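Asks: I have a structure here, written as structure tokens, and I will follow up with some questions on it.
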Amino acid sequence: MTRAYVALGSNLEQPEQQIRAALAALDTLEGVRLVRASALYRTRPVGYLDQPDFINAVAEVETVLSASDLLSALLALETRFGRVRSFRNAPRVLDLDLLLYDGCEQAGPTLTLPHPRMHERAFVMVPLAELAPDRAVGSHGTVAALAATLATPDIERLAEA
């Protein structure tokens, strides 16, 4: 089994419920087991700002799938939830990003690991720090150190439901 980390985000159609449903759906993917998930966080949008705030989380999974097969399964899950890719950083029902795949480093046309911008994003690093604070993110440093530099009032941990 390979350990991987997946970022989840939603800002449409009851985003908290979308993230909770997506976490449950991750655990039903063939060859994937949800190990645990971070708390949910409310964050401001990045890039395109004229849209609702996001709800974000990170999931730790174990999988027998290759990194590319896991990415394909995640994209299929987004589609199942109704994701439409209208333009970059558009509002979305569900966004799933493969962040880390058991220490793998690769750069390709469809998959780059670690995720190429994760170290710049509080909405990824802060929830990931709950699950894997000592994990290295390429040459950028540890998750905990990166999260500490990115944590701002723009990211708010939600109370447990």
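Read in order, the letters of the sequence shown are residues 319 to 479 in the working numbering. Glycine is no exception: its CB is placed at the ideal position from the N, C-alpha and C atoms. Note that the coordinates shown come from a computational prediction; the quantities given were computed from them, not determined experimentally.
1. Could you check which residue in G365, R351 and N407 has the C-alpha nearest to that of L388?
2. Quick one: is S457 buried, meaning 16 or more other Cβ sit within 10 Å of its Cβ, or exposed?
3. With DSSP as the reference, label S390 as helix, strand or coil.
4. Any idea which residues DSSP pairs E378 with across the strands?
5. Less than 8 Å between the C-beta atoms of L385 and L416, yes or no?
6. Considering only the alpha carbon of each residue, which of L418, V444 and V411 lies closest to L395?
7. Using the Cβ count rule (16 or more neighbours within 10 Å means buried), how would you classify D420?
Replies: Let's see:
1. In the sequence shown, the residue the question calls residue 388 occupies position 70. That would be R351, whose Cα lies nearest to the Cα of L388.
2. Taking the sequence shown and counting its residues from 1, one reaches residue 457 at position 139. With fewer than 16 Cβ atoms within 10 Å of its Cβ, S457 is classed as exposed.
3. In the sequence shown, residue 390 corresponds to position 72, counting from 1. Note: S390 maps to helix in three-state DSSP.
4. If you number the sequence shown from 1, residue 378 lands on position 60. Partner(s): Y323 and R354.
5. For the purposes of this step, residue 385 is taken as the residue at position 67 of the sequence shown. For the purposes of this step, residue 416 is taken as the residue at position 98 of the sequence shown. Leu is not the amino acid found at residue 385; the sequence shown has Ala there. A contact, by the Cβ cut-off of 8 Å.
6. Translated into positions along the sequence shown, residue 395 becomes position 77. With distances taken between Cα atoms, L395 lies closest to V411.
7. Against the sequence shown, residue 420 aligns to sequence position 102. That one is exposed.
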